[in-house]
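Right, one structure below, let's go through it.
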């Protein structure tokens, strides 16, 4: 734990007292978003201290020219960067001629910041004494509307406490924006025009290269003690800037406030020529509704999300705060309504990692969205990959594959690869497996087979083709081997026969064959279309099968475990416990070669396979592998603790499971990885949800039914969660001695609890 | 072969006819150098067509800020770039107001370019018709003086053929120079001042960051029909530019010529404040000697070099031209008088690869310099590494090594690493072995043991320490293993137990121990100093020995060969012959992962070990390994064919040896690798020399004696070479039926020929 200034609270993230050293971390932690846009918790007024400014629009990115030390054939020309967008939140405040700036005040008292997760708003209040000795009380409240997702609203108030004052609010919009993360210091935005109409201002700007057209807009109203003022503002404009000024003499203890509405219209939703008129419509709706009613609507909208997605934890405020923080940010990032969007690793909270889509989506996020939203949401995430299939085939062609084999990119925005380290881009190919697995997982959970004949089977065929070609026959071993890969544990590069990769390759082929047969039998017309398009033949499938049936797996007879890769046992097998702690984290202390030849594991690798394919191994096998690999695992990926928490719970090691749970759920709140100022770890937040539902709750889908093996950490009195299973809502409440199952739905549901069949019905809760 | 416009000639490189498409290639091929400076064969007069301008000063480099895609701990902050230096060769020529520019003339006839390797000069002549219809005959001759190594001289003449003409020569010096190879488009030179004194001009400039101070200078004289003119030139200067203009009315068929002397003084040889006065002295010497006499001196100086270094080939002009081209360029690049300089991979012919020193020096260049120069030269090359020992220890510390272990850099200028690909920088550690091997090789060849107690032993100890720490014990194998390396075959990265690396590691430890014992016994005072400094103990040496004695080697019982690395036999073993030729060269056609998992070998790897340690294997073993590995070798490194040529010769496969020989000796002349425009492959040129002397001549040192097993390709009538063996010169002349041995020296010499002892003496040549 590296930060602990966040005040524990069940429903809010709270900070009290102003510390400039916390500003960047808080800007990340208090970020707000509504799926369509998001922003770091930057101050509205000027701030001259260290800050990391960030506003982001979903789907708007920039193809930054790739930077490499040494070019390798097949590298992508560009890296898709998350783009810092024009800002609409700014309100310069001048009090008797002095600008309000928390970094330059004489004193700041009663500073308080709150991210109210229950209701979806951010607030801030403080009392500041300026250099001119005027003391003012300031408060602001801000949110990005879930209902009107192009609009955000701010209520910013100021009250002079020790004298009358002349106060100016200068709300502005600014498109003179740069990225911190840029390879070549390129300019990313091209401002097209700045226009004003009455009290509204608009800046039209497009991104360079990708030519995303956007309109950033604002309109404000000012009040004294709640009474609307009608004085006309003055207007200032620059080439990429527009501002209104509202100046008023304010009496001591009067409250001068401004309601500012702003946001973006973008050409994903409107035609380029109608961005301003769309903006006007949005502003009109916001103004008509008014700040107060919009905030009410916001609370309602979040209440609906929480009703389904909330997890309660009784008796452990920090754990409760942690899980809600994770669920809240996931929902701020992606709401699932758009199949062209995805879940970026930093969401709307920072620029790092570029791209928007990693295998995190399939491996970690889909279970969360499947269980807490309508199935359409998970289907959209699958459709996203289906829409990128053609580009994945092109990507594989660049690497020498043929016949419609697909390799999905490691990182992407639009389906094209944007990563460029050969050991990752070209070799971390197990990502293909996660994409097939997500199809299987979706079908298993939702029972919605229709996705497979409609879209999924084409993806499965292209992935099976890849594995078939990527494996080669070793005469030496009389088996098929997969050489030169990087597994989920990125602390090994270019290894041979990574067990996880080989296993998922075999699984992908077998699953593709199974689905081919099922579609052929049950959806002959779809099969005809697909086989016409893919030119799949019986001979080809037989060739795949030969590879799957003869896959090689490194195994240790001595330890009775599958080996992470060929040669793993040649390493110096010192456990993490016995490693000098001054050497941690090894990714900051050691050179890359040293990391590679060490036995240390960044995140679940062999154990990731045991997580995905749990049914195919006994608990004893899981235990043996867990005991063999976990001691070498440094968990230096945010994606590591959750899988281990789930497995520790399954092995009834609740203390260990609880420790992993805390680490995953408060990763950012407590800044375990020394990097929260750069933004939050959004995708791993879904892993936290899995730790509770799959880990402690022991939820699985078996034979078309939900199955639970509830456990509870001794630190908790109880916890509860809901899952949407095939359009019925099951609520699970676990206490130290009993578990209650409730059903919101219209028909009885058979579930399994600790291996026994239980029937729950809408009227009767069941306690076990 | 991709270019064949160079006219075969025994002593010259010749080009006839002007083709703008050949300009860049010829600029490389006709490059001149004198060890202290060098330059591409750029034209003196303006040339508006495609050209790659380059002038280089030995030891002057720039630490260009490293460019990486993803930073890894331990990467160097900068990459030492070969620096394009201010130019002194330029002479603008104006004829009746029109600038002479071969790319803009109406016609060019009788174009001829010659690099006279025997005498060490470059000439060019042509007849051009300008747009103004004046026809002129132009000739130039240029050389960089071996005697006055700060000075070069140009004789540039022009004769109007069809009318009188007003002609201006405008000789200039220019420090407004940029690099083509720059990571961030930085400016590398900072011009301090431009000064004129009478007919001399000077530009003082220093490199940014490294602050190498240089003075570029010139002085010229003009003549009509050989008669010195005394008219005063006009002077023009800019912030980084100085020019004189000499304008004269020249009658039809009169020859107007200019002798221009120019060059550099640098602060490696003079104090910073005396660069101009040193330049004046150099100019004074050059002017006093005069162009004609300087050229005479140049011929003499080159005659001396050739007397020792020449290899003659009778009956094969292209082979003759090839070998002399290689020997000539090696001598232009490095003359061995300065232990702070080394042999850059492109010498003074281009910018690529940066740095100046790779393991090429120890593995390929030292044998050439040992045999064709005084032993002091090879000793200087060894001393260069001794002087960098401290930085090699620091480099190893950055990678986690302790106790004075050294890892020499992959690429360096000043001893610091300047390479940044983890798989090379951190893992291609066999380079340490080549540095130890060069010490062994030097002692074996020269018999000069003194280097070892004076300097070599410290290097050997630091290298042995590295290997001891780098290996780890595998309980699985009950042996020591070396994990995560890149061998000489860079088409494999991060492999385990590269046989060559393991072998040379063991050898380094054993050789260090042997030398410790020898120094301890024979030079107790030196040993005392060294052991005091290195704190070497008996216990430490025992620990080394344990590693050396228990080193693991991958071996195939089936093929009876050592395996290049663990898992080599799992590859798809299709030979190069059976590989679709459209896929070649694979480094241009395939993505990196595909190269890595293929069996294809870039350059000798296991066979490099068989080359270095030939005595430790039987000819049958060599044959088995050659037959196993060569068929998978694509020879896509310039360093590949020579080792294979030597081994093919040893195996009596003369046709194959000859094919490899042609490929290495005419690599650049025939542009096998499509890249001669970027500069020449200087270090591999020493491999060509080895192909003849060690390959065809079969020269080895065995038991302190020279040994020969002469062979001759059927395409040749005969060949001859000389070697300096311990201050006696042995000349070997091989014909189809006999070999003659002659001795220049003062005492009898025992040599071995085809395994039999032969005595040669200064008076009596021996024919066998």
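Chains as they are written, first to last, in the numbering used here: chain A, 1 to 768; chain B, 1001 to 1768.
Built from N, CA and C at the ideal position, the CB exists for glycine as well.
Measuring alpha carbon to alpha carbon, tell me which residue in the options is nearest residue i.
i	options	result
residue 466 (chain A)	A:512, A:59, A:733	A:512
residue 615 (chain A)	A:518, A:342, A:702	A:702
residue 1397 (chain B)	B:1037, B:1189, B:1722, B:1074	B:1074
residue 1748 (chain B)	B:1252, B:1738, B:1330, B:1760	B:1760
residue 400 (chain A)	B:1344, B:1597, B:1219	B:1597
residue 1127 (chain B)	B:1492, B:1158, B:1146, B:1147	B:1158
residue 1736 (chain B)	B:1315, B:1199, B:1217, B:1431	B:1315
residue 198 (chain A)	A:405, A:218, A:474	A:218
residue 1093 (chain B)	B:1107, B:1116, B:1244, B:1693	B:1244
residue 57 (chain A)	A:17, A:242, A:343, A:298	A:343
residue 429 (chain A)	A:654, A:502, A:100	A:502
residue 1634 (chain B)	B:1509, B:1613, B:1491, B:1756	B:1491
Quick one: list the residues of chain B neighbouring residue i, beta-carbon separation under 9 Å, in chain order.
i	result
residue 426 (chain A)	1591, 1592, 1593, 1594, 1596
residue 472 (chain A)	1570, 1571, 1572, 1597
Please report how far the alpha carbon of residue i lies from the alpha carbon of residue j, in whole angstroms.
i	j	result
residue 296 (chain A)	residue 553 (chain A)	58 Å
residue 1711 (chain B)	residue 1696 (chain B)	5 Å
residue 1673 (chain B)	residue 1433 (chain B)	28 Å
residue 1738 (chain B)	residue 1768 (chain B)	5 Å
residue 1138 (chain B)	residue 1193 (chain B)	33 Å
residue 362 (chain A)	residue 379 (chain A)	11 Å
residue 624 (chain A)	residue 181 (chain A)	43 Å
residue 439 (chain A)	residue 520 (chain A)	18 Å
residue 589 (chain A)	residue 38 (chain A)	34 Å
residue 1178 (chain B)	residue 1185 (chain B)	9 Å
residue 586 (chain A)	residue 675 (chain A)	16 Å
residue 1051 (chain B)	residue 1026 (chain B)	10 Å
residue 1480 (chain B)	residue 546 (chain A)	37 Å
residue 1070 (chain B)	residue 70 (chain A)	11 Å
Assuming the contact rule is C-beta atoms closer than 8 Å, residue i and residue j should be a hit. Round their C-beta distance to whole Å, please.
i	j	result
residue 523 (chain A)	residue 409 (chain A)	Their Cβ separation, rounded to whole angstroms, is 29 Å, which puts residue 523 (chain A) and residue 409 (chain A) out of contact at 8 Å.
residue 679 (chain A)	residue 152 (chain A)	About 19 Å separates the two Cβ atoms, so there is no contact after all.
residue 436 (chain A)	residue 383 (chain A)	Residue 436 (chain A) to residue 383 (chain A), Cβ: 15 Å. No contact.
residue 1250 (chain B)	residue 1165 (chain B)	6 Å
Could you spell out the range, first to last residue, of the alpha helix (DSSP H) harbouring residue i?
i	result
residue 749 (chain A)	That residue, residue 749 (chain A), is in no alpha helix (DSSP H); its beta strand (DSSP E) goes 749-753.
residue 1466 (chain B)	1457-1470
residue 1642 (chain B)	1640-1650
residue 663 (chain A)	654-665
residue 1194 (chain B)	Where residue 1194 (chain B) is concerned, there is no enclosing alpha helix (DSSP H), although the beta strand (DSSP E) it sits in stretches over 1189-1197.
residue 629 (chain A)	619-629
residue 1117 (chain B)	Element bounds for residue 1117 (chain B): n/a, residue is neither H nor E.
Let's see if you can read the secondary structure: which residues bound the beta strand (DSSP E) around residue i?
i	result
residue 1508 (chain B)	Taken as a continuous stretch (DSSP letters only), residue 1508 (chain B) belongs to no beta strand (DSSP E), being part of the alpha helix (DSSP H) at 1499-1522.
So with CB distances below 7 Å, who are the chain A contacts of residue i?
i	result
residue 1420 (chain B)	69
residue 1399 (chain B)	591, 593, 594
Can you pull the chain B neighbours of residue i, defined as C-beta to C-beta under 8 Å?
i	result
residue 481 (chain A)	1570
Residues of chain A with CB under 8 Å from residue i, in chain order?
i	result
residue 1484 (chain B)	593, 596, 597
What does residue i reach in chain B if we use C-beta pairs closer than 7 Å?
i	result
residue 493 (chain A)	1494
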